[in-house]
Structure formats: C-alpha cells, structure tokens
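Just below is one structure, and these are the notes that go with it.
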Amino acid sequence: MTPAAALGRLADIPPGAFATAARRIMSRCDELARVSADDGQITRVYLSPEHARVNRLAAEWMREVGMTTRLDAAGNQLGVLPAADRDAPTLMLGSHLDTVIDAGRFDGILGVLMGIELARLLRVPGGDDGVWYSPFPFGIEVAAFSDEEGTRFGKALLGSSAVAGEWDEDWWQLADDDGITLREAYREFGLDPGRIGEAARTSEQLVGYLEAHIEQGPELDRRGESLAVVSSIASARRFQVVVEGEARHAGGTPYDMRRDALLGASEAALAVERICSGEHHIIGTVGQLEAFPGAVNVVPGEARFSLDLRGEFDGARDTVWERISHDLDDIMGRRRLRWRAREVHSAPAMFCDPLLQDVMRAGIGSTLPAHAEDPITLFSPAGHDGMAIGSVTPVGMLFLRNPDGISHHPDEAVSAADVATGLRAFAEAVAHRGAEVAA
Ligand code: HGY
Ligand code: MN
Ligand code: MN
Numbered sequence: 008m009t010p011a012a013a014l015g016r017l018a019d020i021p022p023g024a025f026a027t028a029a030r031r032i033m034s035r036c037d038e039l040a041r042v043s044a045d046d047g048q049i050t051r052v053y054l055s056p057e058h059a060r061v062n063r064l065a066a067e068w069m070r071e072v073g074m075t076t077r078l079d080a081a082g083n084q085l086g087v088l089p090a091a092d093r094d095a096p097t098l099m100l101g102s103h104l105d106t107v108i109d110a111g112r113f114d115g116i117l118g119v120l121m122g123i124e125l126a127r128l129l130r131v132p133g134g135d136d137g138v139w140y141s142p143f144p145f146g147i148e149v150a151a152f153s154d155e156e157g158t159r160f161g162k163a164l165l166g167s168s169a170v171a172g173e174w175d176e177d178w179w180q181l182a183d184d185d186g187i188t189l190r191e192a193y194r195e196f197g198l199d200p201g202r203i204g205e206a207a208r209t210s211e212q213l214v215g216y217l218e219a220h221i222e223q224g225p226e227l228d229r230r231g232e233s234l235a236v237v238s239s240i241a242s243a244r245r246f247q248v249v250v251e252g253e254a255r256h257a258g259g260t261p262y263d264m265r266r267d268a269l270l271g272a273s274e275a276a277l278a279v280e281r282i283c284s285g286e287h288h289i290i291g292t293v294g295q296l297e298a299f300p301g302a303v304n305v306v307p308g309e310a311r312f313s314l315d316l317r318g319e320f321d322g323a324r325d326t327v328w329e330r331i332s333h334d335l336d337d338i339m340g341r342r343r344l345r346w347r348a349r350e351v352h353s354a355p356a357m358f359c360d361p362l363l364q365d366v367m368r369a370g371i372g373s374t375l376p377a378h379a380e381d382p383i384t385l386f387s388p389a390g391h392d393g394m395a396i397g398s399v400t401p402v403g404m405l406f407l408r409n410p411d412g413i414s415h416h417p418d419e420a421v422s423a424a425d426v427a428t429g430l431r432a433f434a435e436a437v438a439h440r441g442a443e444v445a446a
C-alpha cells in the first residue's frame with residue numbers, strides 16, 4: 008500500500024456511513040447500559056457476571072464486522088481485523104467496558120464501540136473467501152479492557168496493565184468488599200492466574216494505541232467544540248487513610264476529652280481541597296469517608312477515607328502529597344489522633360506520542376471548515392487505559408464533547424452528531440497512521 012492509498016481509503020466511505028455508525032453506537036451504549044449489577048443504575052465491575060455479559064456482546068459485534076475474537080488471559084475482550092500480511096503488527100483501538108458505581112453509559116464504552124465501527128468503515132473484502140481485512144499495512148485491533156476503573160479491587164488499570172506486561176504478583180492478594188481475592192475471582196471467572204503472562208503484548212506486535220473517550224470535564228462544551236486532541240493523561244496515586252482516635256459516649260464526653268477521628272478526617276478532606284485547589288493541574292478528591300463504630304451516640308473512634316490524587320507531572324503531584332501529609336500530621340497532632348495511609352494505586356503521567364497527537368490533529372482537522380483554527384489540545388485529568396498501554400506502544404487519544412462535562416454519573420452524555428464527527432476524525436487519524444507506516 009502507498010501512503011496516498013492509505014490516506015485515500017476514506018474517499019470510498021459514503022458520507023452517510025458515519026452518521027449510521029453513530030446511531031448504532033448510541034443504541035448499543037443503551038444496550039450495554041442495561042447490563043448492570045444494580046437495577047436502575049449502571050455498575051459493572053471486573054470479573055463479574057455483568058463483565059462476562061458485556062464481553063460476549065462486544066465479541067458478537069466484533070465478529071459482526073469480520074473480526075476474529077478472543078478473550079485474553081486478563082479477561083480483556085479482543086477483536087482483530089488482520090492486515091493482508093497476517094503477521095503484520097496491529098494498531099490497537101480501545102477503551103474499557105467496566106464502570107464506576109452508578110456510572111454513565113459512555114465512559115469507556117464509547118471508545119470500544121467506536122473502534123468496532125471504525126473497523127466496519129475501514130475494512131476491505133479479501134477476495135472470494137468472504138473474509139474482511141484491514142486495508143493498511145497493520146491489522147486493526149479493538150481492545151475492550153476489563154478493569155480501567157479499579158472499582159472492585161481498588162487497583163485500577165488491571166486489564167491494560169496485563170496487556171502492557173506490567174503485572175505485579177502482589178495484586179493477586181487484592182480483595183473486594185466481600186473478601187474475595189483477585190486470584191479467587193480469576194478462577195471463578197474461568198481464568199487461570201498462572202497464565203496472566205500470556206496477556207502481555209510486545210512493542211513489535213503493535214504500531215500504536217488510539218483511544219476515543221468522552222471528555223470528563225467541561226472544556227469542549229465551554230468552547231463550543233466537538234473534539235480535542237489529548238496531550239497527556241494525568242498521573243494518579245490512590246490511598247486508603249485510617250485515622251485513629253477514641254470511641255466514647257456522645258453525651259457524657261466533654262469536648263476537651265474527645266479524640267474524634269471523624270472530625271480529624273473531615274479536616275483532612277478540607278486540607279486536600281485547600282492545598283490542591285491552589286495548584287495547577289493537581290486534583291485531590293476524598294470520595295469515600297466512613298466513621299466507626301458508626302453509632303449515632305458514639306464519638307467516632309476511627310475514620311477511614313480515600314484519597315485520589317492526580318497531577319500533570321509526577322513530581323508536582325508527589326510534592327503536593329508531601330504537603331498534604333504534613334498538614335495531616337499537624338491536624339492529627341492537634342487533635343491527639345493517629346493516622347496512616349496505604350497506597351492502593353499508582354500510575355505515572357502518560358504523555359501522548361507527538362506523532363499520534365499529529366495524526367489525531369489531522370483527523371480532527373479533516374472535520375473542520377477550511378479556515379478553522381487548529382484543533383484544541385487538552386490535558387486529561389481523567390485516567391485512561393493508555394496510562395498502562397503507553398509502556399508498550401505509543402498512545403494517542405481523541406476527546407469528544409460531553410455537555411456540561413459531568414461524568415462518573417448517569418447524566419454523562421455525548422451527541423450522535425459528535426460521535427459521527429468523532430468517527431470521521433478517528434478514521435482519518437488511522438488512515439494517517441497507515442500512511443506513516445506505509446511510507
Ligand atoms: O478515574 C478516572 O479518572 C478514570 O475515569 N478511571
Ligand atoms: Mn472512568
Ligand atoms: Mn474511562
């Protein structure tokens with residue numbers, strides 16, 4: 008294939024095909040939203056029956072466009088449209104099918120479905136054998152990652168970490184709220200923990216990873232734009248913090264005798280907000296807070312809270328963690344409390360590959376009017392599977408407008424029109440990648 012032929016691939020796609028594909032994607036996001044552990048909300052966690060069901064649906068839709076499918080050793084659902092040279096590497100398109108608790112229907116899911124529709128739009132027939140192929144000098148692979156959120160076991164990016172060959176054997180002891188370890192959950196799901204290494208891919212097998220995702224923030228909506236290139240993905244550190252005081256009678260204990268763990272934790276949460284809000288691209292959130300023993304007439308003797316800390320640069324994030332730690336020492340010292348933190352997740356910032364940023368920029372540019380300004384480039388304070396995959400192949404990301412930017416909430420949204428535009432940009436970006444590889 009010549010670079011010109013790769014770029015010319017989109018000329019054969021009927022203009023209405025992107026809108027048709029977008030409608031199919033919206034309808035399938037609704038279908039997947041109905042696969043949930045809880046009625047009336049969307050909750051789908053790693054290695055659950057709901058995970059197995061959405062994997063089956065995704066595999067069915069992958070085969071529908073001519074992909075061969077397989078479930079890898081980490082429970083990721085994969086589909087491949089091979090290149091003419093079946094030994095050629097693949098361009099991986101993907102995102103995740105797992106969700107947070109009471110989630111929206113597009114976070115992750117949209118990127119998987121856009122990858123499948125892109126394969127349908129770009130594929131070419133392979134002679135009379137009824138098999139479909141990628142028209143580029145690489146296969147088109149779609150990865151439906153199994154655990155980007157970390158909702159069940161606390162550690163995020165488990166599925167994509169396995170694909171990146173970055174598995175940590177300590178993770179097998181991670182346990183969910185019911186005390187089921189990751190190892191036990193693997194076996195219950197029908198996976199063999201001893202074969203996790205088989206999920207790992209090498210840099211020779213991939214020519215890159217591209218992910219389309221809703222923007223989980225308000226920038227595109229505020230600027231009235233549909234799409235953006237992503238420059239980098241925030242680094243993450245997650246902690247479980249325990250504050251120890253003394254449980255006492257709520258009535259008989261004078262304030263000067265109290266060592267109220269909940270008040271210490273509450274001051275800590277406010278300190279996180281105060282410190283992080285004064286920094287650029289540093290975000291700290293206390294999402295969980297529990298008081299023990301949890302009785303209305305007992306001064307809390309213990310409190311536990313989570314801390315999700317992110318930053319555009321690892322160093323700046325770590326400096327802020329030091330500042331938060333010092334503030335917690337002061338708060339707990341003044342209140343005669345003790346505190347300790349256990350780190351449950353850590354991932355470095357991922358800088359999207361400049362070439363893949365350029366192909367994404369070219370893709371978005373193809374959807375804009377002739378004299379439009381350059382496409383927007385945004386930092387992603389939200390985490391994505393590219394944080395893991397980037398250790399084995401270059402990463403590029405495309406953001407789609409999410410009105411009001413609300414996410415990790417049932418109201419997260421995307422319009423079919425923006426999905427159609429996003430598909431067009433994504434297809435163009437893949438064609439540009441094809442031209443680069445063909446050169
Ligand atoms: O937490 C995040 O930023 C991502 O949505 N998992
Ligand atoms: Mn998410
Ligand atoms: Mn996501």
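Each number in the working numbering corresponds to the 1-based position in the sequence shown with 7 added.
From the three backbone atoms N, C-alpha and C, an ideal C-beta is built for every residue, glycine too.
Bear in mind that the values here come from a model prediction, so they are computed numbers and not experimental data.
Give every residue of the same chain whose Cβ lies closer than 8 Å to the Cβ of T400, excluding the five residues on either side of it in the sequence, and list them in chain order.
M99, R208, S210, L213, V214, G215, Y216
Which value, in whole angstroms, describes the spacing of the CA atoms of L78 and L85?
6 Å
Is the Cβ-Cβ distance between I123 and V72 less than 8 Å?
Taking C-beta atoms as the reference points, I123 and V72 count as a pair closer than 8 Å.
Which residue's Cα is closest to the Cα of A434: D392, L363, S398, A395?
L363
Between which two residues does the beta strand (DSSP E) carrying W328 extend?
Looking at the DSSP string, W328 is not in any beta strand (DSSP E); the run it does join, the alpha helix (DSSP H), is 321-341.
Since R324 and I289 should fall inside the 8 Å C-beta cutoff, what is the C-beta to C-beta distance between them, to a whole number of angstroms?
6 Å
Under DSSP, the beta strand (DSSP E) around W346 begins and ends at which residues?
345-354
Closer than 5 Å is what we want: which residues have a beta carbon that near any heavy atom of ligand 1? List them in chain order.
E156, A389, G390
Are the segment 404-415 and the segment 260-279 touching, with three or more C-beta to C-beta distances below 8 Å?
no
Shortest alpha-carbon distance to E222 belongs to which of I383, P144, L104, A80?
I383
Ignoring anything shorter than 3 residues or poking outside the segment 102-176, list the beta strand (DSSP E) runs there in chain order.
If only complete runs of 3 or more residues are kept, the segment 102-176 shows the beta strand (DSSP E) at 146-152, in order along the chain.
Taking 8 Å as the cut-off, does the segment 236-243 touch the segment 343-363 (at least 3 CB pairs, one atom from each stretch)?
yes
Drop a sphere of 10 angstroms on the beta-carbon of E205, count the other beta-carbons inside from all chains shown, and report buried for 16 or more, exposed for fewer.
Exposed, because fewer than 16 other Cβ atoms sit within 10 Å of the Cβ of E205.
What is the DSSP secondary structure of I20, reduced to helix, strand or coil?
coil
Could you check the C-alpha separation between G294 and G403 for me, to the nearest Å?
Rounded to the nearest angstrom, the two C-alpha atoms are 29 Å apart.
CB-CB under 6 Å to E309, same chain, minus the five flanking residues each way: which ones, in chain order?
E251, A268, F299
Alpha carbon to alpha carbon, how far is G137 from L17? Give it in angstroms, no decimals.
Going by the C-alpha atoms only, they are around 21 Å apart.
Can you give the Cα-Cα distance for E297 and F160, rounded to whole angstroms?
18 Å
Quick check on DSSP: helix, strand or coil for L269?
Reduced to three states, the DSSP call for L269 is helix.
Residues bridged to T97 by DSSP?
Beta-bridge partners assigned by DSSP to T97: G146, L213.
Take L234 and list the residues in its own chain whose beta-carbon comes closer than 8 Å to its own, dropping the five residues that flank it on each side.
Answer for L234: L227, I371, T374, P382, I383, L405, F406, L407, R408, D425, T428, G429, A432, listed in chain order.
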